[in-house]
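Engineer:
Protein chains in written order, with my numbering: chain A, 1 to 405; chain B, 1 to 287; chain C, 1 to 321.
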């Protein structure tokens with residue numbers, strides 16, 4: 001009996017909605033379309049040498065997407081949910097470009113977030129620019145927003161600015177501790193990231209009248225850093241600025257400690273600001289400084305839920321990629337339609353200050369005409385146990401820097 | 001002068017490790033005629049075995065290296081029995097591409113099973129060093145070097161003195177004659193492949209104290225291993241020892257003259273020159 | 001295959017893009033497959049006919065991509081002229097590389113050419129003032145026009161790649177059927193016997209290497225115009241180019257004109273399919289599946305899938321085979 005009732009109920013309901021549909025057809029159709037999920041492409045290196053960073057980045061985006069969906073989706077689109085289309089860019093720009101093409105054509109994504117490594121991001125941007133699709137990234141390279149593209153948005157400061165801040169903030173810390181830095185050493189891996197950031201560092205040193213007594217590039221995937229450290233020992237520098245991914249960073253610090261070189265070490269983000277650094281080095285990590293485009297301790301209330309969910313602090317690539325999605329969501333609330341060109345126009349000029357965007361330096365995100373976030377300001381962080389503490393610039397510092405000369 | 005002495009010392013120590021990790025590559029080629037492009041991925045697996053042994057059993061990686069050898073030996077034995085057996089008579093292109101496929105499979109299996117984290121061990125001697133006058137000796141490097149010497153000695157004993165070793169060398173020299181003497185060639189191949197990849201795994205564990213393990217760490221060593229065996233002569237164990245030390249010293253000393261960025265360029269040019277002028281290796285014919 | 005069948009297949013390939021979305025993913029993947037088919041075919045001249053297994057073809061590919069792009073950026077040179085420059089430089093590079101590697105065979109040749117490709121990669125990374133270094137290099141963005149090889153949508157570059165594949169395949173077939181082909185086969189089967197009957201083996205190998213290198217460099221120019229951005233690790237990469245090029249021919253069957261085409265039409269879509277279907281699951285799973293399928297293909301038929309076809313057609317199957 002119950003079955004019959006249910007069937008009758010169902011058909012009656014169908015009849016009712018059918019009639020209502022006829023009457024209110026334009027309205028119903030519009031709201032049904034608007035409540036369709038919004039697809040956002042997430043292209044990251046999920047395999048290969050940068051897999052760890054790609055996975056961190058994906059976690060950051062996932063974290064924000066789940067928060068937005070749990071809070072009722074995009075309200076201006078009738079509560080549309082954010083649907084992430086995650087794809088592996090591998091480590092090849094050729095693959096990254098095909099993946100981007102696929103997400104646009106097959107998955108009809110509205111915007112894309114990616115792809116950690118600058119070379120992958122640039123390859124993707126060549127596709128998104130031709131299809132007028134907004135691409136948001138936290139890749140550092142100056143090239144990203146330096147080519148006059150209209151559909152690219154860089155939420156962090158550029159590599160040259162990071163390199164400059166790496167030196168300038170260090171000078172301030174040394175000065176506060178009563179030391180005037182005169183001789184520094186730079187060592188960097190010969191990747192896009194290493195060369196462009198060390199370029200900023202070198203220029204800043206020249207401007208500040210600091211002598212660069214060692215300036216050495218080394219091949220990616222170096223198996224033995226001893227020659228580097230031997231050179232460093234002979235260089236008589238007062239501080240060393242290594243710019244590298246993780247494997248090299250651990251080798252460099254261990255070899256320095258083994259040769260009893262304990263001059264201040266100021267890393268260039270990437271390998272120096274992820275939990276594996278402190279986990280791998282233990283006490284040898286204590287007090288190591290690094291530049292970073294953002295840090296989780298500037299907004300603990302926003303980043304702590306990430307640590308509870310994933311078991312490690314919200315590393316900067318997770319944070320910044322999360323911010324990318326947060327910014328997209330806010331722009332969608334503003335335009336009220338799921339249209340890529342309207343979205344692009346909404347991204348430019350507006351000041352984004354809801355959600356995770358508040359965790360960025362400056363408390364907000366605002367893109368200029370080239371797509372660069374003008375509010376982002378690099379910070380200096382220092383390892384204290386297994387935590388990273390912001391120590392400079394002064395107005396953002398959470399603790400006093402420890403400067404050992 | 002001092003920096004030259006330091007560079008030579010560093011080069012010899014690291015070269016000893018290069019020798020051990022490359023011996024397996026040359027052994028497999030010598031016995032079966034297969035160039036295993038995936039050799040360095042077994043080094044990565046060995047590092048993982050040693051890391052897990054350290055993390056969950058509290059075994060120091062220097063001892064864990066024997067465990068890594070055992071585990072990867074078994075894996076190599078199984079792979080020979082299933083995969084490589086089928087391409088022994090195939091053209092070299094098929095052999096090479098089997099090993100290329102294996103690189104992709106091993107790296108991504110490691111990514112799936114162990115994750116992408118960068119894992120390192122913590123040992124008391126990790127950042128220790130000895131001083132010989134003005135010279136520094138890095139203790140983890142020294143430990144890895146001494147362990148490599150022990151391993152090389154054991155291998156020499158095995159190949160030269162044990163029945164298995166002699167049977168394996170006989171198979172390498174003349175498979176038909178060896179078979180007539182009652183040697184099971186297929187078994188010798190399994191033994192050689194297991195031993196070959198096991199040696200690289202052993203070397204990987206020995207260097208774990210100053211390195212970090214993650215799924216793609218092997219690729220950093222591929223080029224080095226090939227340079228070592230080409231310098232020493234493909235198939236020559238003694239050549240691998242000479243080649244390993246030569247590569248270590250060249251790598252280290254070249255940085256006194258050239259930028260470190262060009263470290264690999266120096267090696268590659270040497271590699272091509274040796275192949276062009278003395279394809280049998282610097283040790284030529286002393287197999 | 002009969003001529004009619006080839007003509008029909010070509011016509012279908014030329015008309016296919018009209019049925020696809022002009023800027024779509026399908027055209028993108030097919031264009032990539034055509035590029036790699038052409039690369040595999042160029043490799044086939046050395047790898048298939050002379051049986052010299054080069055693992056360094058990225059050297060030529062990268063030289064072509066860089067030379068044309070640098071000339072375009074600095075002097076506004078048309079990529080069409082860049083093709084001519086690339087042909088010349090690729091041939092020259094192949095001749096230079098042949099000097100030290102010519103006498104080597106089998107594994108030794110493979111390793112030596114591999115090292116040559118790596119030398120080029122390190123040089124491109126180091127010579128930053130010329131190449132842009134590790135940061136890579138972008139093809140300038142500008143107005144559309146046939147002269148600068150800039151097209152609206154994905155169809156023209158597809159046809160360009162198809163044309164390139166036809167050209168390279170014709171060159172391959174002409175060599176295979178001509179005198180050079182016979183000499184190359186003589187060298188492959190028995191080098192001593194070939195010399196005894198008066199074949200100048202060094203000259204024959206050099207000719208094959210130069211033609212193959214020149215064509216590969218020209219394809220590098222087309223790649224640059226297709227992908228718009230590249231860096232040294234991409235165009236001089238062992239895994240991304242050298243090994244992949246050879247893979248196309250080996251999976252399909254080396255020494256045959258259809259081999260690299262078949263290989264590319266299987267491998268490139270397979271890789272894309274694995275990525276599309278699996279990369280949002282566990283990280284690494286799609287690559288793992290791709291690698292496992294490669295292994296399976298090598299194990300099923302080490303001589304390539306073309307051999308499989310022949311064994312079906314011409315040989316009675318035996319249960320034990």
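Note that CB positions come from ideal geometry on N, CA and C, so glycine has one too.
#1: Which value, in whole angstroms, describes the spacing of the CA atoms of residue 333(A) and residue 75(A)?
#2: Can you tell me the Cα-Cα spacing of residue 114(C) and residue 130(B), whole angstroms?
#3: Using only the alpha-carbon positions, how far apart do residue 92(A) and residue 67(C) sit?
#4: Consult DSSP for residue 188(B) and reduce its assignment to one of helix, strand or coil.
#5: Are at least three pairs of beta-carbons, each pair with one atom in the region 44–56 of chain A and one in the region 269–289 of chain C, less than 8 Å apart?
#6: Just verifying my parser: in three-state terms, what is the DSSP assignment at residue 149(A)?
#7: Should residue 42(C) and residue 220(C) be called a contact, given that it needs their Cβ atoms to be closer than 7 Å?
#8: Looking only at its own chain, which residues have a Cβ that is under 7 Å from the Cβ of residue 139(B), when we skip the five neighbours before and after it?
#9: Taking all protein chains shown into account, do 16 or more other C-beta atoms lie within 10 angstroms of the C-beta of residue 244(A), making it buried, or fewer, making it exposed?
#10: Three Cβ pairs or more, each shorter than 8 Å: is that satisfied between the region 371–391 of chain A and the region 280–294 of chain A?
#11: Taking buried to mean at least 16 other C-beta atoms within 10 Å of its own C-beta, is residue 192(C) buried or exposed?
#12: Ordered along the chain, which non-local residues of its own chain (more than five positions away) have a Cβ less than 6 Å from that of residue 22(A)?
#13: Using DSSP bridges, identify the partner residues of residue 384(A).
#14: For residue 32(A) and residue 111(B), what's the separation of their Cα atoms in angstroms?
#15: I need the boundaries of the beta strand (DSSP E) containing residue 105(C), first residue and last residue.
#16: Who are the near neighbours of residue 151(C) in its chain, counting only those whose CB is closer than 7 Å to its CB and skipping five residues on each side?
#17: Going by beta-carbon coordinates alone, are residue 330(C) and residue 184(C) separated by less than 7 Å?
#18: How long is the line joining the alpha carbons of residue 120(C) and residue 236(C), rounded to whole angstroms?
#19: What separation, rounded to the nearest whole angstrom, lies between the Cα atoms of residue 69(C) and residue 113(B)?
#20: Does any residue of chain B have a CB that is nearer than 7 Å to the CB of residue 276(A)?
#21: When DSSP labels each residue in this structure, what does residue 114(A) get in the three-state scheme?
#22: Taking 7 Å as the threshold (beta carbon to beta carbon), is residue 151(C) in contact with chain A?
#23: Just the chain C side, please: which residues come within less than 8 Å of residue 264(B) by C-beta, in chain order?
#24: Using DSSP with H/G/I as helix, E/B as strand and the rest coil, what is residue 107(A)?
#25: Can we say the region 189–206 of chain B touches the region 25–33 of chain B, given the rule of at least three CB pairs closer than 8 Å?
#26: For my contact list, residue 87(B) and residue 81(B) are in at a C-beta cut-off of 8 Å; report their separation, rounded to the angstrom.
#27: Quick one: complete alpha helix (DSSP H) runs, 4+ long, within the region 220–249 of chain B?
#28: Going straight from the alpha carbon of residue 304(B) to that of residue 121(B), what length do you get?
#29: Compare the C-beta of residue 203(B) with all C-beta atoms of chain C and state if any pair is closer than 7 Å.
#30: Using only alpha-carbon positions, find the residue among 116(A), 261(A), 229(A) and 151(A) that is nearest to residue 348(A).
#31: May I have the straight-line CA-CA distance separating residue 204(B) from residue 44(B), to the nearest angstrom?
#32: Look at residue 186(A) and residue 215(A) and say whether their C-beta atoms are less than 7 Å apart.
#33: So within the region 231–278 of chain C, which uninterrupted alpha helix (DSSP H) runs reach at least 4 residues, ignoring any that extend past its ends?
#34: Under 8 Å by Cβ, that's how I've got residue 297(A) and residue 161(A) pegged, so tell me the actual separation to the nearest angstrom.
#35: For residue 40(A), which option in 66(A), 103(A) and 317(A) has the closest C-alpha, if you only look at C-alpha atoms?
#36: Classify residue 306(C) as buried or exposed, calling it buried when 16 or more other Cβ atoms lie within 10 Å of its own Cβ.
Structural biologist: The short version:
#1: Using only the alpha carbons, I get a separation of about 7 Å.
#2: 40 Å
#3: 21 Å
#4: helix
#5: yes
#6: Here residue 149(A) sits in coil by DSSP.
#7: Not closer than 7 Å, so no.
#8: 125, 128, 129 and 130
#9: By the neighbour-count criterion, in which 16 or more other beta carbons inside 10 Å mark a residue as buried, residue 244(A) falls on the buried side.
#10: The region 371–391 of chain A, when compared against the region 280–294 of chain A, does touch it at the 8 Å Cβ threshold.
#11: exposed
#12: The predicted model places residue 22(A) with a pLDDT of 40, which falls under 50 and marks its position as unreliable; any figure quoted below should be read in that light. Within the same chain, no residue comes within 6 Å of residue 22(A) by CB-CB distance, once the 5 residues on both sides are set aside.
#13: 387(A)
#14: Any reading at residue 32(A) is ruled out, since the residue's pLDDT is 45, under 50, leaving its predicted position unreliable.
#15: Residue 105(C) -> no beta strand (DSSP E), and no H or E assigned at all.
#16: 144 and 157
#17: In the structure as shown, chain C starts at 1 and stops at 321, and residue 330(C) therefore has no counterpart that could be examined.
#18: When rounded, the separation of the alpha-carbon atoms in residue 120(C) and residue 236(C) is 7 Å.
#19: In a straight line, the C-alpha of residue 69(C) is about 42 Å away from that of residue 113(B).
#20: yes
#21: strand
#22: no
#23: 118 and 122
#24: coil
#25: yes
#26: Going by Cβ atoms, the distance from residue 87(B) to residue 81(B) rounds to 13 Å, so no, they are not a contact pair.
#27: none
#28: Summary: the structure shown does not reach residue 304(B), with chain B confined to residues 1 through 287, and so no result is reported for it.
#29: no
#30: 151(A)
#31: 7 Å
#32: yes
#33: Within the region 231–278 of chain C, the complete alpha helix (DSSP H) runs of at least 4 residues are 232–235, 243–252 and 258–278.
#34: So it is not a contact: roughly 21 Å between Cβ atoms.
#35: 103(A)
#36: Residue 306(C) comes out buried.
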